[in-house]
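Visitor:
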Amino acid sequence: MHFEIPEFTCLCPRSGFPDFATIVIDYAPGPAVVELKSLKLYINAYRDRAISHEGAANTILDDLAALLQPKWLRVVGEFNVRGNIKTVVTVEQAAPDYAGPRPAYQRPAFLGI
28 MHFEIPEFTC LCPRSGFPDF ATIVIDYAPG PAVVELKSLK LYINAYRDRA ISHEGAANTI
88 LDDLAALLQP KWLRVVGEFN VRGNIKTVVT VEQAAPDYAG PRPAYQRPAF LGI
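Residue numbers (our numbering): 28 to 140.
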């Protein structure tokens, strides 16, 4: 499964200014799959949340892994440039016995708001 979420927003925990990103989720399903409306509502809940770039990517990975129990999961947060720095956070996990494909990461087709 592959999802690109180009309108992700959260708040910088230090300044309170908004951060914008494209979140890319790739996973090999386990016993459950994510329902798109639920994913949208979950992602939109970050709009008013003060969280770091790394914290957002790790929390999304942890939450999806706990709920879906995928065989393999990768979350990439491509954050827009702010203060002359572009941040790309990549987090990944796999079941211990997973030997299936792990597609190479491809930058999102839609690169911003």
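Even glycine gets a Cβ: it sits at the ideal position worked out from N, Cα and C. Keep in mind the model is a prediction, meaning the values are calculated, not measured.
(1) Please name the residue in R41, D46 and I52 whose C-alpha comes closest to that of F35.
(2) Figure out for me which residue from Y125, K64 and T117 has the closest Cα to the Cα of A48.
(3) When the Cα of V103 is compared with those of S65, L63, P56 and R134, which residue comes out closest?
(4) Taking the Cβ atom as the reference point for each residue, do S94 and V60 lie within a distance shorter than 8 angstroms?
(5) Take A77 as the anchor and find which of P56, G43 and I50 has the nearest alpha-carbon.
(6) Just curious, the beta strand (DSSP E) that A48 is in, first and last residue?
(7) With distances taken Cα to Cα, identify the nearest neighbour of R74 among D53, L91, P123 and C39.
(8) Could you have a look at K98 and say whether DSSP puts it in helix, strand or coil?
Guide: According to the structure shown:
(1) Numbered from its first residue, the sequence shown carries residue 35 at position 8. Ranking R41, D46 and I52 by Cα distance to F35 puts D46 first.
(2) Within the sequence shown, the letter at position 21 stands for residue 48. Nearest option by C-alpha distance: T117.
(3) As a working mapping, residue 103 is identified with position 76 in the sequence shown. Nearest of S65, L63, P56 and R134 to V103, Cα basis: R134.
(4) As a first step, residue 94 is located in the sequence shown; it is residue number 67 there, counting from the start. As a first step, residue 60 is located in the sequence shown; it is residue number 33 there, counting from the start. Per the sequence shown, the amino acid found at residue 94 is Leu instead of Ser. Not closer than 8 angstroms, so no.
(5) Position 50 of the sequence shown, counted from the first residue, corresponds to residue 77. Closest by alpha carbon: G43.
(6) Start at 1 with the first residue of the sequence shown, and residue 48 comes out as number 21. Taken as a continuous stretch (DSSP letters only), the beta strand (DSSP E) holding A48 covers P45 to A55.
(7) Looking up residue 74 in the sequence shown gives position 47. Comparing Cα positions, the closest option is C39.
(8) As a first step, residue 98 is located in the sequence shown; it is residue number 71 there, counting from the start. It is coil, neither helix nor strand.
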